[in-house]
Structure formats: structure tokens, C-alpha cells
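Numbering (this note's numbering), first residue to last: 960 to 1185. Written below as C-alpha cells is the structure these notes are about.
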Ligand SMILES: [Fe+2]
Ligand SMILES: [Fe+2]
């Protein structure tokens, strides 16, 4: 075997080392690139998974919230319809009484006749009692409220003065003549204009409720049913 001169031998040796270094460098770059690619892919995958999870959670939360609101609404609707149904059962006999129907002939406030006004006051009184969970005699409350303005004339064309002060007594006398009344029902009728009639004090929860409901309904009818 021929021996190379030392210089040539050194050059070949340098070239070999340089090639090895180059190849090693390329391999390192390649490995680094692969590592970065893999890491980036993993990060993107993890981010996508997290985002999907968050979206799923948000959707689930929104659905739960909607369902909760729906259930609350349904509950309120059910309660409202139950109160309304109970009121209709209590008011049915009074509503269809021919003597009480006579109140349809007289205007009370705006376009509302006395019959509709009394029915509104009865319904409002009953709903306030139910809404506040008050223990009241429902039958007396509704009957007293339905008869509270049973004065049977059109007060706009009434000759007598002081209708505001005198009609509770007139209504009570008419109601006593045409119906059987309890003491509580009589007081509901005679005290509904209090404090305009200072001596006729509401003596029961039922009378206070009708007194309040009458003022509320009268204001509503005067303002919105002209
Ligand atoms: Fe009245
Ligand atoms: Fe009234």
C-alpha cells in the first residue's frame, strides 16, 4: 500500500472532518426542525382541544341557563293560571247574577262600566292576597269587592252631590237589600273609599285589600281606558 505524503494526508483528514461536521450540523437542524414541528402540532392540537372543551362547556352552560329560565317562566305561568282559575271559580256565581249584571248599564271610569270595574277590583284584590300569601276569607273578599260599587246609577249624571262620599253607603244598602251579607262584606263595601270617608274604617285585611285595589284600578281605568 502506497503511503501518502503527510500534507495530503492532513488535507484528506480535514475534508473528512469538515464533511462529518457538515452532516452532523444538517442532522441537528433536521432534528430541531422535526422537534419544533412536533411541538407546534401538539400545541395546536392541545389548544384546539381546550377551545372545543370550552365551547362545549359554554354551550352546556347556555342550555342550562335557558332551561332554568324556561322552567321559571313555566312555573310563573302555571301559578298565574291557577290563581286566575281559582278566581273564576269564586267569581262565577256573582259574574252571572242578573242583579249584578245591571252594573253593566253604568259607566264608571273612561269607557269602563261599573260591572267591569267591580270585577277588576275583585280580581286585583284576590291576586294581591295570593301574591302576598295572605290568609284571607276568599269568598268574602271576592263578594265584597264585586259589590263595593253596587250603587246602581250613572254618577256622571247623578243629581245628588258628594257622590264620592255617599256612594259606599248607598252601595251597602242596595247590596243588603238584594243579597245576604256578612259583617265583613258590609264593612268591605262601606269602607272602600277610606280615607275619603274617615269614619268608615277598613276593619279587616279583606277590606284593606279592596280599598287599595279600588284606588289602583280606578287610576288605571281613568288614565288608560279613556
Ligand atoms: Fe267606589
Ligand atoms: Fe270602585
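Positions of the beta carbon are idealized from the N, C-alpha and C atoms, including for glycine.
If you drop the 5 nearest sequence neighbours on each side, which residues of the same chain put their C-beta closer than 6 Å to that of residue i?
{"i": "residue 1108", "result": "1073, 1077, 1130"}
{"i": "residue 1161", "result": "1150, 1153, 1167, 1170"}
{"i": "residue 1104", "result": "1080, 1081, 1084, 1169"}
{"i": "residue 1112", "result": "none"}
{"i": "residue 1053", "result": "1059, 1105"}
What did DSSP end up calling residue i once you bin it into helix, strand or coil?
{"i": "residue 1096", "result": "coil"}
{"i": "residue 984", "result": "Interpretation of residue 984 is limited by its pLDDT of 48, a score under 50 that renders its predicted location unreliable; the figure taken from the coordinates is listed afterwards. Residue 984: helix per DSSP, three-state reduction."}
{"i": "residue 1055", "result": "coil"}
{"i": "residue 1047", "result": "helix"}
{"i": "residue 1183", "result": "helix"}
{"i": "residue 1176", "result": "helix"}
{"i": "residue 1117", "result": "coil"}
{"i": "residue 1106", "result": "coil"}
{"i": "residue 1111", "result": "coil"}
{"i": "residue 1041", "result": "helix"}
{"i": "residue 1162", "result": "coil"}
Once the 5 residues before and after residue i are set aside, which same chain residues still bring their CB inside 8 Å of it?
{"i": "residue 1184", "result": "1068, 1069, 1070, 1071"}
{"i": "residue 1048", "result": "none"}
{"i": "residue 1156", "result": "1124, 1127, 1149, 1150"}
{"i": "residue 1135", "result": "1145"}
Tell me which residue opens and which closes the alpha helix (DSSP H) that residue i is part of.
{"i": "residue 1122", "result": "1122 to 1137"}
{"i": "residue 1076", "result": "1073 to 1090"}
{"i": "residue 1156", "result": "Careful: residue 1156 lies outside any alpha helix (DSSP H) and carries neither H nor E."}
{"i": "residue 1145", "result": "1142 to 1149"}
Check for me: the beta strand (DSSP E) holding residue i runs from which residue to which?
{"i": "residue 1068", "result": "1066 to 1068"}
Kindly list the residues whose CB is nearer than 7 Å to the CB of residue i, restricted to its own chain and excluding five residues on each side of it in sequence; keep chain order.
{"i": "residue 1083", "result": "1172, 1175, 1176"}
{"i": "residue 1093", "result": "1164"}
{"i": "residue 1159", "result": "1127, 1149, 1150, 1153"}
Consider the C-beta atom of residue i and the heavy atoms of ligand 1; say whether any pair is separated by less than 7 Å.
{"i": "residue 1127", "result": "yes"}
{"i": "residue 1152", "result": "yes"}
Is any heavy atom of ligand 3 found at a distance shorter than 7 Å from the C-beta of residue i?
{"i": "residue 1066", "result": "With respect to ligand 3, the structure shown offers nothing to examine, as its ligands consist of ligand 1 and ligand 2."}
In chain order, what residues have a CB nearer than 5 Å to some heavy atom of ligand 2? 1108, 1173
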